[in-house]
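**Q** Residue numbers (the working numbering), protein chains in the order written: chain A, 167 to 281; chain B, 67 to 181. Ideal Cβ positions, reconstructed from N, Cα and C, are used throughout, including at glycine. Remember, it's a predicted structure, so these values are computed and weren't measured experimentally. Can you read through this structure? Questions will come right after.
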Amino acid sequence: AQSVTQLDSQVPVFEEAPVELRCNYSSSVSVYLFWYVQYPNQGLQLLLKYLSGSTLVKGINGFEAEFNKSQTSFHLRKPSVHISDTAEYFCAVSDQNNQGGKLIFGQGTELSVKP
Amino acid sequence: NAGVTQTPKFQVLKTGQSMTLQCAQDMNHNSMYWYRQDPGMGLRLIYYSASEGTTDKGEVPNGYNVSRLNKREFSLRLESAAPSQTSVYFCASSEYTSGVGDTQYFGPGTRLTVL
């Protein structure tokens, strides 16, 4: 069975510092990996996704993530964060066996950017 | 182009009452989903519909029913609400029937409290 683990529930960081949000997954087949962001009192929106090809994926708002098959990880990074990046971030996985494109979500990581 | 809309935004119920959460999308998407979000647990899939006229159970279907009324609308019904169903409910849609690797677009959520 698939599962997703986000290793940090909360990440506080100062403005303009780099940040890494960690995500590990388990699956027995080829996977598709996603990062979604949820701003306060809003729905989720897609930051980026990995389907195939280059293991370094670039997304919106300067975020990027690297797919590492051997370590079963898909960590999210940004070299310099802004106050406006304060939000909850969710890693999610799907695979070719998931009828209807069902996503399995991690528990979420709360990113708090301080001035 | 409103995307995914949900009504109501907030609802308070007493134990045993029933209600229907409404969801509509105007993107001509084939697949639609209902999730619940609880603190520290990420999002969990309740039901999904891969195409008009079909519905399938997700990870946590007990206590819920769904109807895919037409291609645009997907409703979630609580027949006899319980305090354990206090949660934030999100509807989402994606373009393709298979959904594998597809981006899901989320509504703003319904915050439900069951007393």
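#1: Under 7 Å between C-beta atoms, does TYR198 (chain A) make it to chain B?
#2: Which word fits LYS75 (chain B), buried or exposed, when buried means at least 16 other C-beta atoms lie within 10 angstroms of its C-beta?
#3: Given that a residue counts as buried once 16 or more other Cβ atoms are within 10 Å of its Cβ, and exposed if not, what is LEU213 (chain A)?
#4: Taking only beta carbons into account, state which residues of the segment 208-221 of chain A come closer than 8 Å to chain B, listed in chain order.
#5: Cα separation between GLU114 (chain B) and TRP100 (chain B)?
#6: Quick check on GLN273 (chain A) - is its C-beta less than 7 Å from some C-beta in chain B?
#7: How many angstroms separate the CA atom of ALA148 (chain B) from the CA atom of PRO174 (chain B)?
#8: Since PRO184 (chain A) contacts PRO281 (chain A) with CB under 8 Å, what's their CB separation in whole angstroms?
#9: Are three or more beta carbon pairs between the segment 85-99 of chain B and the segment 198-208 of chain A nearer than 8 Å?
#10: Since LEU111 (chain B) meets chain A, which of its residues come closer than 9 Å, beta carbon to beta carbon?
#11: For HIS241 (chain A), which residues does DSSP report across the bridge?
#12: What residues from the segment 247-261 of chain A come within 7 Å of chain B, judged by C-beta to C-beta, listed N to C?
#13: Quick one: which residues of the segment 116-132 of chain B get their C-beta closer than 7 Å to a C-beta of chain A? List them in chain order.
#14: My understanding is that ARG143 (chain B) touches SER97 (chain B), with C-beta atoms under 8 Å, so please give their C-beta distance in whole angstroms.
#15: Excluding five sequence neighbours on each side, which residues of the same chain lie with their C-beta closer than 7 Å to the C-beta of GLY129 (chain B)?
#16: The beta strand (DSSP E) that contains TYR216 (chain A), what's its start and end?
#17: May I have the straight-line CA-CA distance separating GLN273 (chain A) from GLU125 (chain B), to the nearest angstrom?
#18: Residues of chain A with CB under 7 Å from GLY82 (chain B), in chain order?
#19: Give me the Cβ distance between VAL197 (chain A) and VAL279 (chain A), rounded to the nearest whole Å; I'm assuming they're in contact under 8 Å.
#20: Note down, in chain order, all residues in the segment 134-167 of chain B with a beta-carbon under 7 Å from any beta-carbon belonging to chain A.
#21: Whose CA, out of A:GLU181, A:LEU217, A:GLY209, lies closest to the CA of ASN234 (chain A)?
#22: Can you list, in chain order, the residues of its chain whose CB lies under 8 Å from that of GLY14 (chain B), leaving out five sequence neighbours each side?
#23: Relative to the alpha-carbon of LYS137 (chain B), which residue among B:SER153, B:GLU118, B:ASN131, B:ASP104 has its alpha-carbon at the smallest distance?
#24: Please decide whether PRO74 (chain B) counts as near chain A, where near means a Cβ-Cβ distance under 7 Å.
**A** This is what the structure holds:
#1: Look at TYR198 (chain A): its C-beta is under 7 Å from a C-beta on chain B.
#2: When all chains shown are included, LYS75 (chain B) counts as exposed.
#3: Taking all protein chains in view, the Cβ of LEU213 (chain A) is crowded by 16 or more other Cβ atoms within 10 Å, so the residue is classified as buried.
#4: Closer than 8 Å at the C-beta level to chain B, one finds these residues of the segment 208-221 of chain A: GLN208, GLY209, LEU210, GLN211, LEU212, LYS215, LEU217.
#5: Contrary to the premise, residue 114 (chain B) reads as Tyr rather than Glu in this sequence. C-alpha of TYR114 (chain B) to C-alpha of TRP100 (chain B): approximately 6 Å in a straight line.
#6: It does; some Cβ of chain B falls within 7 Å.
#7: Using only the alpha carbons, I get a separation of about 23 Å.
#8: A Cβ-Cβ separation of about 16 Å leaves PRO184 (chain A) out of contact with PRO281 (chain A) under the 8 Å criterion.
#9: Taking 8 Å as the limit for Cβ pairs, the verdict is that the segment 198-208 of chain A does not touch the segment 85-99 of chain B.
#10: Those are LYS268, LEU269, ILE270, PHE271, listed as they occur along chain A.
#11: When DSSP reads this structure, HIS241 (chain A) sits in a beta bridge with A:GLU232.
#12: Those would be PHE256, SER260, in chain order.
#13: If the cut-off is 7 Å between Cβ atoms, the segment 116-132 of chain B has ALA116, ASP122, GLY124 near chain A.
#14: Their Cβ separation, rounded to whole angstroms, is 19 Å, which puts ARG143 (chain B) and SER97 (chain B) out of contact at 8 Å.
#15: Within the same chain, GLY129 (chain B) has close Cβ partners LEU144, ALA148, GLN151.
#16: Boundaries of the beta strand (DSSP E) around TYR216 (chain A): 210-216.
#17: Roughly 15 Å separates the two Cα atoms.
#18: Those do not exist, as GLY82 (chain B) stays about 29 Å from chain A at its closest Cβ, beyond 7 Å.
#19: Not confirmed; about 29 Å, so no contact.
#20: Of all residues in the segment 134-167 of chain B, only PHE156, SER160, SER164, GLY165, VAL166, GLY167 come within less than 7 Å of chain A when Cβ atoms are compared, listed by chain position.
#21: In this structure, A:LEU217 is the residue among A:GLU181, A:LEU217, A:GLY209 with its C-alpha nearest to the C-alpha of ASN234 (chain A).
#22: With chain B covering 67 to 181 only, the question about residue 14 (chain B) has no answer from this structure.
#23: Of the candidates B:SER153, B:GLU118, B:ASN131, B:ASP104, the one whose C-alpha sits nearest the C-alpha of LYS137 (chain B) is B:GLU118.
#24: Output row for PRO74 (chain B): interface = no.
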